[in-house]
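**Q** After the structure tokens below, expect a handful of questions from me.
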Amino acid sequence: MTAMTANGTMAVEISTAFPISITLSTDLIDGIRVINVGGEVDVYTAQSLIELIQQEIADGQHRLILDLSGIDFIDVHGLGTITGIYKRLQEHNGQLRLAGITPRLQRIFEVIGLDKIFVCLPDVHAAASHLLAN
Numbered sequence: 006m007t008a009m010t011a012n013g014t015m016a017v018e019i020s021t022a023f024p025i026s027i028t029l030s031t032d033l034i035d036g037i038r039v040i041n042v043g044g045e046v047d048v049y050t051a052q053s054l055i056e057l058i059q060q061e062i063a064d065g066q067h068r069l070i071l072d073l074s075g076i077d078f079i080d081v082h083g084l085g086t087i088t089g090i091y092k093r094l095q096e097h098n099g100q101l102r103l104a105g106i107t108p109r110l111q112r113i114f115e116v117i118g119l120d121k122i123f124v125c126l127p128d129v130h131a132a133a134s135h136l137l138a139n
């Protein structure tokens, strides 16, 4: 289900036949698009995130923040999706910052080396400040 909120942001909630769901919403901070991701990012739900990002890039948004503070679960497809988003933005001379990384997700990033690829910041405001400074 997709809905526009009163402030013009988009909210998406996807549910499958399984008890798996992802919630996606967007905000704008200082001209930078923030994608708030909640729930589960996995083989069943990652395509929704990909489609939203593709639309943002098509709309000219090349500086993005993924707020991952609401993620309950992520699998290899979800991690691959985030990596793909990063690569897609690089192709458009864009930038990606990750915000709200939980300690568990930070540990996963460290184990597989993603902490050396992504700039991870504590929250969306720190991520926006970092993008504006660079």
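The working numbering puts the sequence shown at residues 6 to 139.
The C-beta atom is built at its ideal place from N, Cα and C for all residues, glycine as well.
If you compare alpha carbons, which of Leu-110, Ile-40, Leu-136 is closest to Gln-59?
**A** Ile-40
**Q** Going by beta carbon distance, what residues of the same chain come within less than 7 Å of Thr-86, once the five residues before and after it are set aside?
**A** Val-46, Ala-51, Leu-54, Ile-55
**Q** By how many angstroms is the C-alpha of Pro-127 removed from the C-alpha of Ile-106?
**A** Spanning the two alpha carbons is a distance of roughly 7 Å.
**Q** Can you tell me the Cα-Cα spacing of Ile-113 and Arg-102, whole angstroms?
**A** 17 Å
**Q** Tell me the DSSP secondary structure of Thr-31 in three-state form.
**A** strand
**Q** Using the C-alpha atoms, what's the distance from Leu-73 back to Leu-29?
**A** 10 Å
**Q** Measuring only the C-alpha atoms, how far is Ser-26 from Glu-61?
**A** 21 Å
**Q** Roughly how many angstroms lie between the CA atoms of Asp-77 and Ile-34, to the nearest whole one?
**A** 24 Å
**Q** Bridge partners for Gly-43 per DSSP, in chain order?
**A** When DSSP reads this structure, Gly-43 sits in a beta bridge with Thr-28, Gly-75.
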